[in-house]
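Q: Sequence order for the protein chains is H, P and B. For the numbering used here, add 6 to where a residue sits in the first sequence, where the first one is 1. For the numbering used here, add 1180 to where a residue sits in the second sequence, where the first one is 1. For the numbering used here, add 916 to where a residue sits in the third sequence, where the first one is 1. Even for Gly, the Cβ is constructed at its ideal location relative to N, Cα and C. Quantities reported herein were computed from a predicted structural model and do not represent experimental measurements. Take this structure first; my questions come after.
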Amino acid sequence: MNTPNNLCYAKTHEWARKEGNKVYVGITDHAQHEITDIVHVELPEVGKKFDKEQPCAVVESVKSAFDIYCPVSGTIVEVNEELLSAPELINQDPYGKGYFFVLEISNEEDFKSLMNAEQYTKSIEG
Amino acid sequence: MNYIPVSDKDKKEMFESIGVKDTQELLSLQIPETLRVKKLNLDKGMSEQELISLFKKYAHKNKSNLACFRGAGIYDHFVPSIVDEIIGRSEFWTAYTPYQAEASQGTLQAIFEYQSVMCELTGMECSNASMYDGATAVAEAILLAIRASRKNKVIISNALNPEYISVVETYTKNLNIEIVKIDVDSKTGALNKDALNNVLDEKVAAVVVQSPNFFGTVEDMQELSKASKDKKALFVAVVNPVSLGLLKTPGEYGADIAVGEGQVFGNQMYLGGSTFGFMVVTKALEWKMPGRIVGQTVDKDGKRGFVLTLQSREQHIRREKATSNICTNAALNSFAACVYAAYLGSQGIKELAETNISKTRYAFEKIKNIKGFVPLFENSVFFNEFVFKTDKNIDKINEELMKENILGPLDLGKTDAKYKNCIMFAVTEKRTKQEIDKLAEILTRV
Amino acid sequence: MINNNKTLNEIQSNRSTVIVDSDVELNANIDDKYKRTTVPDIPNLSESTLLRHYTNLSRKNYALSTTMYPLGSCTMKHNPLVNEKIAKFDGFSTIHPYQDEESMQGSLEIMYELQKDLCEISGMDYFTLQPAAGAHGEYTGLLIIAQYFKNKNEKRTKIIVPDSAHGTNPASAALSGFEIISLKSDENGIVSPEKLKEVLNSDVAAMMMTNPNTLGVFEKNIEEISKLIHDNGSLLYYDGANLNAVMGIIRPADIGFDVMHINLHKTFSTPHGGGGPGSGPVGVKAFLKECLPSPVVVKENEKFKLYFNNKDKSIGTMKAFYGNFPVILKACAYIKSLGGEGLTEASKQAVINANYILSKLKHKVKIPAGNSCMHEFAMSLKGVLGNDIKTLDVAKRLLDNGYYAPTIYFPLIVEEAMMIEPTETESKQTLDEFTDTLLNIIEESNTNPEVVHNAPVNTSVKRLNEVEAARKPKLHW
């Protein structure tokens, strides 16, 4: 399973990548593998605020649906609209073209409670 | 009578295999004796022959096969023989919801064809497999609009069928949804744009308009749809499939959602209980739609086949977060509509609408010329129905008509004091010239 | 099998005659602003062409009239033919819902009779026949519960739903404006009074239960559960999906339930029609009468009347008019033909049939809820199948053998679940053959896994690509 070192991880299997005060968010390779073929996503509205750990998106396979939780608090500034017509990007490239949205972070402290790659790898093995 | 194909000998062997001596012992493994009921206090069972006699007796207590000039949501259209033949095939009516796709291609393709027919008829892009009826389809359309827009105020026309308004109120009352009603113009019987604009603002999730409306009047849907879109509200059209052979389609005037009652296509009246609702939406709303949806795909050899799809919207997967709780729908009734539409074809659908409006106009002109009857609305364009004001005794009119096996107009004053002395007639292609003339004759002499 | 794979639109138009005749002069001109300009793509076909098209389609269906349909929780029992016949009488089919009551006494009497008989079968005091399906009945029942507390000026916002419940339960509760508390089943798959105590508080309006539950097990602690719920001021809702197990054996109202729905298209033999129409009457105890939707049928001076509840106290109306009448009629006819004894016999035989299959399978598969059941049982195929064969593969292989597949992957609390409900209308020979087939397939998973993996091959299509169907939806021609 691919778990890049430069990202932070939530126990609910989202990753977060900080670029200035912006944060890219998606789901992990492990999560996409468990969900299997993703057929649909529901993305949040641009401009909407979310608290850390609040459900903010939905990802669906043929026979199941999962909530995606916001790894850090913030305001949505961009969503990856390409996923609406090509949800398979999440399976193919979960850390790149398969990102869900970009947040403007409201509390830097939130990052402290996220895991690093090593911790996350351990958590999914355990 | 019973339908149990198990002999006493079989039963004995089954008990042996289970390891109990009788039913009593078997049930005692599961249910505490104290909870058991002694017996059901129902009549003794009947033979098939007795049952048929009993139900013939019930049938005779009804006044049936009337020449029906009553509508208000359920209409007496002719149902061709092929409809009964096809939906009467036990391979269709004894099948279950097509969850095992490979063993249900008949039902699945039939639903796909139904969805396609509804899309063609309404000019919309996506149809579900059906709802319970027109009323619940309107209510579900409102819930869909609320979900999609993330706003909670809805404007509905007061000329929606009152049964629909009542169901909308039931469906929305515990959900923090604000319903605003607007009246039709008392002169024309249609909504006017200014009345809508008075209450329309950007907080409105959807505007719901029926056309032909409850009174039979055709609305200017193009104008109302545009007014709604100008304020970023979704436009929900409630339409009658029969009228769409002639009238502008929801797709043509840019509706986001179209719903309605499907009984008029291929289903008998049955006390208003053989119905289905349809729902068609734009592509943008397909993942938000309630109910089952069938899609085309291929099997592992690349051969075309059909499956239930977009299922992660539904209750069996999403549970409390589903787009609706609907599971069983009205598949067989919607299938009847599909066969009916297929039988008519595009040409027959047009002829059907033209015949309906022609006969309605013929009846209207006849009644207009009778002393004591005045049209309630001026210059109104109507489809299957129209309203007259009369100073005659309405109960007496209907009594006299019933003597001639005619089901007369609906007395609107009985349910809404605002329409005292107003009667509404419905005329379909099934009413003959002779029946219409007879109606006029009786109205003249009462 | 004749494999006519054309969709309707791919058949070329072959008719140009007038199909809707008019005996008045056509007068259909309307202003352009109202007028349709597009032509729907629906071919004009002869009756003979359509008859072939649909008859060929029908042959691609498995149906109760062709095979056993052991779908757990769906009660696919025989649909008696006489009921279909009498439902077609034009004394019923041509009645308009707004005829005067006097002119539809026969139809109203049938509704009245069914209301009365359902009261006797369930022990409830009043029934509405308006709901159009089981889920619609649940929704009605939950709105009744909400209305009851509203009428009492009491604020209760939550509904307890066991994790073994049908998906419609939480969905209906959410639609009714409630929050859902999901209650974990105990290790035997039933509701534990201890766990229930942990979640009960003054916010709880009601708990929904299916009894027997979706594992096919009778909730034996029901008396204690009922006491806990009612001492808390809450109500108990009965999901009647599994009523076929208990007719004449227990009555939901007698064992503590206050509100329930019944699926006429399950327990009372009306056909499923490929997914509907159904009917989901809702019964209540007397104290909830005023909350029922309108209208119900009452009898006054030997006449049948539609009765409308006070608008402020009732939930309103659930659909237009009075309910799915042909379904109501068929259920009424079914009850009249079986009588009290026949219904009891039906439930008992349903239980015997399920236990018989269970007795023949229990050595091979895991039965999470023990070695007896009511009218259905859930089993787990985890660890039973060789070569990475899954429950889904077994289901598909059953299709190859001419059986419709049982419910799979439900209830969610059983891994690799398969849920079998034979109903009382299958013969011992059919049950034997079905069980042998199932055991054979389990065997095949070890000896010939490829045929199980590749199944089905005897159906009109092989396994279908559901992922692409959902990713790139094609929903019409």
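Classify Phe1195(P) as helix, strand or coil using the three-state DSSP reduction.
A: Counting from 1 along the second sequence, the entry for residue 1195(P) is found at position 15. Note: Phe1195(P) maps to helix in three-state DSSP.
Q: Below 8 Å, can you find three or more Cβ-Cβ pairs linking the region 1046-1058 of chain B to the region 1498-1517 of chain P?
A: The region 1046-1058 of chain B is in contact with the region 1498-1517 of chain P.
Q: So which residues of chain H does Glu1095(B) contact, with C-beta pairs closer than 9 Å?
A: Translated into positions along the third sequence, residue 1095(B) becomes position 179. Ordered by position in chain H, no residue passes the 9 Å Cβ test against Glu1095(B), which lies about 15 Å from the chain.
Q: Take Ile1166(B) as the anchor and find which of Phe1562(P), Pro1212(P), Lys1192(P), Lys1383(P) has the nearest alpha-carbon.
A: The residue you call residue 1166(B) lines up with position 250 of the third sequence. Selected option, being the one with the closest Cα: Pro1212(P).
Q: Return the residue from the list Thr1233(B), Tyr1272(B), Val998(B) that minimises the CA-CA distance to Glu1343(P).
A: As a first step, residue 1343(P) is located in the second sequence; it is residue number 163 there, counting from the start. Of the candidates Thr1233(B), Tyr1272(B), Val998(B), the one whose C-alpha sits nearest the C-alpha of Glu1343(P) is Thr1233(B).
Q: Can you name, in chain order, every residue of its own chain whose Cβ lies under 8 Å from the Cβ of Met917(B), other than the five neighbours on each side?
A: In the third sequence, the residue the question calls residue 917(B) occupies position 1. In this prediction, Met917(B) has a pLDDT of 49, which is less than 50 and means its spatial position is unreliable; what the coordinates show is noted afterwards. Here the set comprises Arg975, Lys976, Ser1376.
Q: Give a yes or no on whether 8 Å exceeds the smallest Cβ distance from Glu84(H) to chain P.
A: Here residue 84(H) refers to the residue found at position 78 of the first sequence. No, its Cβ sits nowhere closer than 8 Å to a Cβ of chain P.
Q: I want to see whether chain B comes within less than 8 Å of Gly1314(P), judged by CB atoms only; does it?
A: Position 134 of the second sequence, counted from the start, is the residue given in the question as residue 1314(P). Yes, because at least one Cβ of chain B sits closer than 8 Å to the Cβ of Gly1314(P).
Q: Curious, which full-length alpha helix (DSSP H) runs of at least 4 residues does the region 1296-1384 of chain P contain?
A: Runs found: 1314-1329, 1342-1352, 1373-1379.
Q: Just reading off the alpha helix (DSSP H) that Ala1458(P) is part of, what are its end residues?
A: In the second sequence, residue 1458(P) corresponds to position 278, counting from 1. In the sequence on display, residue 1458(P) carries Phe and not Ala. Element bounds for Phe1458(P): not the alpha helix (DSSP H) but the beta strand (DSSP E), 1457-1461.
Q: If the criterion is Cβ atoms closer than 8 Å, does the pair Ser67(H) and Thr34(H) meet it?
A: Taking the first sequence and counting its residues from 1, one reaches residue 67(H) at position 61. Taking the first sequence and counting its residues from 1, one reaches residue 34(H) at position 28. No, these two residues do not count as a Cβ contact at 8 Å.
Q: Report the residue from Glu1017(B), Pro956(B), Asn1362(B), Glu1332(B) whose alpha carbon sits nearest the alpha carbon of Glu1216(B).
A: For this step, residue 1216(B) is matched to residue 300 along the third sequence. Cα-wise, what sits closest to Glu1216(B) is Glu1017(B).
Q: Anything in chain P within Cβ reach of Val71(H), meaning under 8 Å, just list it in chain order.
A: As a working note, residue 71(H) is residue 65 in the first sequence. Reading off the sequence shown, one finds Ala at residue 71(H), where the question assumed Val. What Ala71(H) touches in chain P: Ser1492, Ile1497, Arg1498, Lys1501.
Q: In its own chain, which residues sit with a C-beta less than 6 Å from the C-beta of Lys1600(P), not counting the 5 before and 5 after it?
A: Sequence index remark: in the second sequence, residue 1600(P) carries index 420 (1-based). For Lys1600(P), where only same-chain residues beyond five positions count, the Cβ hits under 6 Å are Gly1593.
Q: Is there a Cβ of chain P sitting closer than 8 Å to that of Val3(H), yes or no?
A: Lying outside 7 to 132, the shown extent of chain H, residue 3(H) is not represented and no answer is given.
Q: Roughly how many angstroms separate the alpha carbons of Gly1191(B) and Pro996(B), rounded to a whole number?
A: Residue numbering aside, residue 1191(B) sits at position 275 when the third sequence is read from its first letter. Residue numbering aside, residue 996(B) sits at position 80 when the third sequence is read from its first letter. Near 18 Å, if we compare the C-alpha coordinates of Pro996(B) and Gly1191(B).
Q: Are Thr9(H) and Tyr75(H) closer than 8 Å when you measure CB to CB?
A: On the first sequence, position 3 is the one that residue 9(H) refers to. On the first sequence, position 69 is the one that residue 75(H) refers to. No. Outside cutoff.
Q: CB Gly1022(B) to CB Val1198(B), shorter than 8 Å?
A: As a first step, residue 1022(B) is located in the third sequence; it is residue number 106 there, counting from the start. As a first step, residue 1198(B) is located in the third sequence; it is residue number 282 there, counting from the start. Cβ atoms of Gly1022(B) and Val1198(B): not closer than 8 Å.
Q: Would you tell me roughly how many angstroms separate the C-alpha atoms of Glu20(H) and Gly32(H), rounded to the nearest one?
A: Position 14 of the first sequence, counted from the first residue, corresponds to residue 20(H). Position 26 of the first sequence, counted from the first residue, corresponds to residue 32(H). C-alpha separation (whole angstroms): 6 Å.
Q: Can you tell me the Cβ-Cβ gap for Lys58(H) and Ser79(H), rounded? I've got them flagged as a contact below 8 Å.
A: Stepping through the first sequence from its first residue, residue 58(H) is reached at position 52. Stepping through the first sequence from its first residue, residue 79(H) is reached at position 73. Indeed they touch by this definition, with Cβ atoms about 5 Å apart.
Q: Assuming Ala1438(P) and Leu1414(P) are in contact, meaning their beta carbons sit under 8 Å apart, how far apart are those beta carbons, in whole angstroms?
A: The residue you call residue 1438(P) lines up with position 258 of the second sequence. The residue you call residue 1414(P) lines up with position 234 of the second sequence. Not a contact, Cβ separation roughly 11 Å.
Q: Do Ile1362(P) and Ala1375(P) have their beta-carbon atoms positioned less than 8 Å apart in this structure?
A: By 1-based counting over the second sequence, the position of residue 1375(P) is 195. By 1-based counting over the second sequence, the position of residue 1362(P) is 182. Yes; because the gap between Cβ atoms is below 8 Å, this pair is in contact.
Q: Does any residue of chain P have a CB that is nearer than 8 Å to the CB of Val52(H)?
A: Translated into positions along the first sequence, residue 52(H) becomes position 46. No, Val52(H) does not count as interfacial toward chain P.
Q: Counting only C-beta atoms, is Val1383(B) closer than 8 Å to chain H at any point?
A: Here residue 1383(B) is taken as the residue at index 467 of the third sequence, counted from 1. Yes, Val1383(B) counts as interfacial toward chain H.
Q: What are the start and end residues of the beta strand (DSSP E) that includes Thr1044(B)?
A: For the purposes of this step, residue 1044(B) is identified with residue 128 of the third sequence, where counting begins at 1. Element bounds for Thr1044(B): 1042-1044.
Q: Using only alpha-carbon positions, find the residue among Thr953(B), Leu924(B), Arg931(B), Val936(B) that is nearest to Thr1429(P).
A: Within the second sequence, numbered from 1, the residue matching residue 1429(P) stands at position 249. When each option's Cα is compared against that of Thr1429(P), the closest is Thr953(B).
Q: Using only CA atoms, which one of Val1626(P), Glu1432(P), Asn1341(P), Asp1313(P) lies nearest to Lys949(B)?
A: Along the third sequence, read from residue 1 onward, the residue named residue 949(B) stands at position 33. Measuring from the Cα of Lys949(B), the nearest candidate turns out to be Glu1432(P).
Q: Would you mind sorting Glu1340(B) into buried or exposed? The rule is 16 or more other CB atoms within 10 Å of its CB.
A: Taking the first residue of the third sequence as position 1, residue 1340(B) is located at position 424. So Glu1340(B) ends up on the buried side.
Q: Assuming Asp1174(B) and Leu1208(B) form a contact by the criterion Cβ under 8 Å, report the distance between their Cβ atoms to the nearest whole angstrom.
A: Stepping through the third sequence from its first residue, residue 1174(B) is reached at position 258. Stepping through the third sequence from its first residue, residue 1208(B) is reached at position 292. In fact, because the Cβ distance is near 13 Å, the residues do not count as touching under 8 Å.
Q: Quick one: grab the DSSP three-state call for His1392(B).
A: Taking the third sequence and counting its residues from 1, the one referred to as residue 1392(B) is at position 476. Reduced to three states, the DSSP call for His1392(B) is coil.
Q: Examine chain P for any beta-carbon lying closer than 8 Å to the beta-carbon of Glu59(H), and answer yes or no.
A: As a first step, residue 59(H) must be located in the first sequence, where it is residue number 53. Answer no: the Cβ-Cβ gap between Glu59(H) and chain P never drops below 8 Å.
Q: Inspect the beta-carbon positions of Leu1562(P) and Thr1535(P) and report whether they are closer than 8 Å.
A: Translated into the one-based positions of the second sequence, residue 1562(P) becomes position 382. Translated into the one-based positions of the second sequence, residue 1535(P) becomes position 355. The identity of residue 1562(P) in the sequence shown is Phe, whereas the question assumes Leu. The answer is no: Cβ separation not under 8 Å.
Q: Going residue by residue through the region 1057-1142 of chain B, where are the continuous alpha helix (DSSP H) segments of at least 4 residues, counting only ones entirely within it?
A: Counting only runs of 4 or more, we get 1084-1091, 1109-1115.
Q: If contacts are defined as beta-carbon pairs under 8 Å, then Val64(H) and Pro93(H) qualify, I think. What distance do you get, rounded to the angstrom?
A: The residue you call residue 64(H) lines up with position 58 of the first sequence. The residue you call residue 93(H) lines up with position 87 of the first sequence. Their Cβ separation, rounded to whole angstroms, is 11 Å, which puts Val64(H) and Pro93(H) out of contact at 8 Å.
Q: If the cut is a Cβ gap below 7 Å, which residues of chain H does Trp1467(P) touch?
A: The residue given as residue 1467(P) occupies position 287 in the second sequence. Under the 7 Å cutoff, chain H gives His46.
Q: Going by Cα to Cα distance, which pick from Met1295(B), Glu1342(B), Leu1091(B), Lys1252(B) is closest to Ala1502(P)?
A: Here residue 1502(P) refers to the residue found at position 322 of the second sequence. Closest option to Ala1502(P), Cα to Cα, is Leu1091(B).
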